[in-house]
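Reviewing the structure listed below.
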Amino acid sequence: MYHHIVKPNETLWSISEDYRVPFQSLIQANHIVNPNMINAGQSIIIPGLPNPNQIPYSIHVSVKNKTLTLMHNQSSLKTYPIAVGKILTQTPIGDFVVINKAPNPGGPFGTMWMSLSKKHYGIHGTNNPSSIGKSVSKGCIRMYNSDVEELARTVPIGTRVFIR
292 MYHHIVKPNE TLWSISEDYR VPFQSLIQAN HIVNPNMINA GQSIIIPGLP NPNQIPYSIH
352 VSVKNKTLTL MHNQSSLKTY PIAVGKILTQ TPIGDFVVIN KAPNPGGPFG TMWMSLSKKH
412 YGIHGTNNPS SIGKSVSKGC IRMYNSDVEE LARTVPIGTR VFIR
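FYI, the numbering for the sequence shown is 292 to 455, going by our numbering.
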């Protein structure tokens with residue numbers, strides 16, 4: 292079971308949107324009487340997501356170096372080149388989890404989309420491979436299609452993603 296720690300200025304509604312979980316499901320799973328009374332630092336159960344502590348993989352993104360490193364039990368397995376957000380639409384810094392995967396999402400997202408636990412952000416392929424290694428996205432992490440497919444085959448839903 293996944294526990295989200297409430298950040299300052301977060302609401303139960305924004306948490307439900309970030310994790311794509313129905314608002315009512317959060318209320319029920321957490322036995323919340325007043326949804327307007329959550330506090331920073333409070334633990335919120337996100338139904339449907341596994342406990343990330345039981346997943347041996349993690350993803351570490353370096354915005355500065357434009358790399359994504361796949362880790363297995365604290366050991367680096369592989370490092371991939373990526374594209375990140377541009378100045379006006381920067382890649383969000385923080386700790387997230389992979390909440391779903393969608394093959395062949397269409398458009399500029401290449402052959403695979405993996406949603407992060409922040410609404411509108413994900414790790415995805417690209418229909419513009421020349422963008423890899425640059426700061427050109429609207430905040431998402433772009434990878435070569437073959438790389439994101441390999442990553443999606445390897446990591447399960449619930450994998451932690453650390454973006455620095």
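The beta carbon of each residue, even a glycine, is placed where N, CA and C say it ideally should be.
Remember, it's a predicted structure, so these values are computed and weren't measured experimentally.
DSSP state of residue i, grouped into three classes?
i      : result
Arg444 : helix
Val439 : helix
Ala320 : helix
Asn391 : strand
Gly376 : strand
Leu340 : coil
Tyr412 : coil
Ile296 : strand
Which word fits residue i, buried or exposed, when buried means at least 16 other C-beta atoms lie within 10 angstroms of its C-beta?
i      : result
Met405 : buried
Asp309 : buried
His415 : buried
Asp386 : exposed
Gly398 : exposed
Ser367 : exposed
Lys519 : Nothing can be reported for residue 519, as the shown portion of the chain is limited to 292 through 455.
Val324 : exposed
Measuring only the C-alpha atoms, how far is residue i from residue j?
i      : j      : result
Thr302 : Ile329 : 7 Å
Lys409 : Phe453 : 12 Å
Ile335 : Glu440 : 31 Å
Pro343 : Ile296 : 13 Å
Pro420 : Pro383 : 22 Å
Glu317 : Lys392 : According to the sequence displayed, residue 317 carries Leu and not Glu. C-alpha separation (whole angstroms): 21 Å.
Asn300 : Tyr348 : 30 Å
Met263 : Ile346 : Outside the modelled stretch of the chain, which goes from 292 to 455, sits residue 263, for which no answer is possible.
Gln315 : Asn418 : 37 Å
Pro341 : Gln365 : 19 Å
His322 : His294 : 14 Å
Ile378 : Ser307 : 28 Å
Can you list, in chain order, the residues of its chain whose CB lies under 6 Å from that of residue i, leaving out five sequence neighbours each side?
i      : result
Pro394 : Met403
Ser305 : none
Ala320 : Ile336, Pro338
Apart from the five residues just before and just after residue i, which ones in its own chain have a Cβ nearer than 7 Å to its Cβ?
i      : result
Gly413 : Trp404, Met405, Ser406, Leu407, Cys431
Val312 : Ile337, Pro338, Gly339
Asp438 : Tyr371
I'd like the list of long-range same chain contacts for residue i, defined as Cβ closer than 8 Å, with 5 residues on each side in sequence excluded.
i      : result
Ile350 : Leu359, Thr360, Leu361, Met362, Val389, Ile414, Leu442, Val446, Thr450, Arg451, Val452, Phe453
Thr380 : Ser428, Lys429, Gly430
Would you say residue i reaches chain C, if we count a Cβ-Cβ gap shorter than 7 Å as a contact?
i      : result
His322 : Absent from the structure: chain C. Only one protein chain is present.
Meets three-Cβ-pair contact criterion under 8 Å: the stretch 430-445 and the stretch 369-387: With a cut-off of 8 Å, the stretch 369-387 and the stretch 430-445 count as touching, because enough Cβ pairs lie within range.
Segment contact, 8 Å Cβ cut-off, at least three pairs: the stretch 417-427 with the stretch 324-343: no
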